[in-house]
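To start, the structure itself, in structure tokens.
Protein chains in written order, with our numbering: chain A, 190 to 311; chain B, 1298 to 1407.
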């Protein structure tokens, strides 16, 4: 059973970079080709798709965040990461990492981390 | 890229059927059968209920079913149960290789 766990600072200052890591267990990221995604949810609001990275490194980002987002893989460590530059209070949210149900890339995220709250505040 | 439109709330009595709509555009829902539906309980991560418009992940009840007409996808919950009370989100593939979520629907079991 695949298990995902987000980690990173819970508090980030405005204008700084938000950095999160998702650790994958229950299987090697190098076995199989999957899409690894980041999704966020401000308190009391809906889900927002941030982007995804394919096992071979190609990325797709939300157009509204594209200029500030970078995703990367660290396959030997079984981790993938999210960086969001120049954060503001509007970036305060619970951030989830997730993985598709299969390698087709339909955006069907079966496996999710528990989520981590990131607050942007000075 | 605007969020897909869902009704804010839908309610029904136990045993009834309810349908949640998810309206997009010809650039997302209307052009692709890559619509998924998620159930989210308070404080929990979303749970995949339907994927690729009509498919069930292992372990998900077939009381949940998906469909689409034009630019609107729908999730139907048959035989409504108290445990179905939750927030539901649709998600669609969109032009450019991105994805967009719906605004979310709170389902209440009366």
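Think of the CB as a built atom: it goes at the ideal place given N, C-alpha and C, for glycine as much as any other residue. Computed from a predicted model, the values in this text were never measured in an experiment.
- Using beta-carbon distances, residue 1354/B counts as an interface residue toward chain A, with a partner under 8 Å.
- Here the C-alpha atom of residue 228/A lies approximately 13 Å from the C-alpha atom of residue 1399/B.
- In this chain, residue 1325/B is not harboured by any beta strand (DSSP E), its DSSP state being neither H nor E.
- Beta-bridge partners assigned by DSSP to residue 204/A: none are found.
- In the DSSP assignment, residue 1394/B falls outside any beta strand (DSSP E), carrying neither H nor E.
- For residue 237/A, the chain B residues whose C-beta falls within less than 7 Å of its own C-beta are 1398, listed in chain order.
- The DSSP-derived three-state label of residue 266/A is helix.
- Around the CB of residue 1310/B, fewer than 16 other CB atoms lie within 10 Å, so the residue is classed as exposed.
- Sequence-ordered contacts of the stretch 236–270 of chain A with chain B read 236, 237, 238, 249, 251, 252 and 253 [C-beta pairs closer than 7 Å].
- Apart from sequence neighbours up to five positions away, the residues of its chain that approach residue 1391/B with a beta-carbon distance below 7 Å are 1298, 1324, 1325 and 1397, ordered along the chain.
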